Amino acid sequence: MLQGALRQGRIQGLIALLLATPALAGPIAAQRGKTFARANCARCHAIDRTSASPLKIAPPLRTLHQRYPIETLGEALAEGIYTGHADMPAFELNPNQIHDLLSYLKTLE
1175 MLQGALRQGR
1185 IQGLIALLLA
1195 TPALAGPIAA
1205 QRGKTFARAN
1215 CARCHAIDRT
1225 SASPLKIAPP
1235 LRTLHQRYPI
1245 ETLGEALAEG
1255 IYTGHADMPA
1265 FELNPNQIHD
1275 LLSYLKTLE
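Be aware that the sequence shown starts at 1175, since it is given in my numbering, and climbs by one per residue.
So this is what it looks like as structure tokens:
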């Protein structure tokens, strides 16, 4: 019960963060998001505006907003992403990491 309440509070906080759209465009947060993507995503995903993903089945990060609304991405990152294939590790980001990564993704739109 407590875990569910904590998760709901975390999601509500994340949604409030996402609604602060101008904050998502901050260059410092976007740079931290790019650094995070380079360290954690670039092995499989293209993290820039033009490259192909090193792993063909991994979508380029620049296309994620076309497939999923930004709010959905934020919620998924807060709850943890668990995939059905071994190439994608399960992970959960903290609110600051989510903010930074979403800020970076917004620069790729």
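Note that the Cβ used here is the ideal one computed from N, Cα and C, for glycine as well. Since the structure is predicted, the reported quantities are computational estimates derived from the model, not experimental observations.
In the DSSP assignment, find the unbroken alpha helix (DSSP H) run with residue i in it and report its ends.
{"i": "residue 1286", "result": "For residue 1286 there is no data in the structure shown, the boundaries of the chain being 1175 and 1283."}
{"i": "residue 1278", "result": "1269–1282"}
{"i": "residue 1251", "result": "1244–1253"}
{"i": "residue 1207", "result": "1201–1214"}
Thinking residue i and residue j are a contact (beta carbons under 8 Å), I'd like their distance in whole angstroms, please.
{"i": "residue 1282", "j": "residue 1247", "result": "The pair is not a contact, with the Cβ atoms about 12 Å apart (cut-off 8 Å)."}
{"i": "residue 1228", "j": "residue 1217", "result": "7 Å"}
Between residue i and residue j, what straight-line distance do the alpha-carbon atoms span, to the nearest angstrom?
{"i": "residue 1267", "j": "residue 1231", "result": "22 Å"}
{"i": "residue 1210", "j": "residue 1204", "result": "10 Å"}
{"i": "residue 1241", "j": "residue 1219", "result": "15 Å"}
{"i": "residue 1278", "j": "residue 1261", "result": "23 Å"}
{"i": "residue 1254", "j": "residue 1264", "result": "7 Å"}
{"i": "residue 1276", "j": "residue 1237", "result": "13 Å"}
{"i": "residue 1271", "j": "residue 1251", "result": "9 Å"}
{"i": "residue 1223", "j": "residue 1245", "result": "21 Å"}
Report buried or exposed for residue i, applying the criterion of at least 16 other Cβ atoms within 10 angstroms of its Cβ.
{"i": "residue 1225", "result": "exposed"}
{"i": "residue 1139", "result": "Outside the shown range of the chain, which is 1175 to 1283, sits residue 1139, and nothing can be said about it."}
{"i": "residue 1274", "result": "buried"}
{"i": "residue 1198", "result": "Residue confidence is low: residue 1198 scores 49 on pLDDT, short of 50, so the model does not pin down where it sits. Its coordinate-derived value is still stated next. So residue 1198 ends up on the buried side."}
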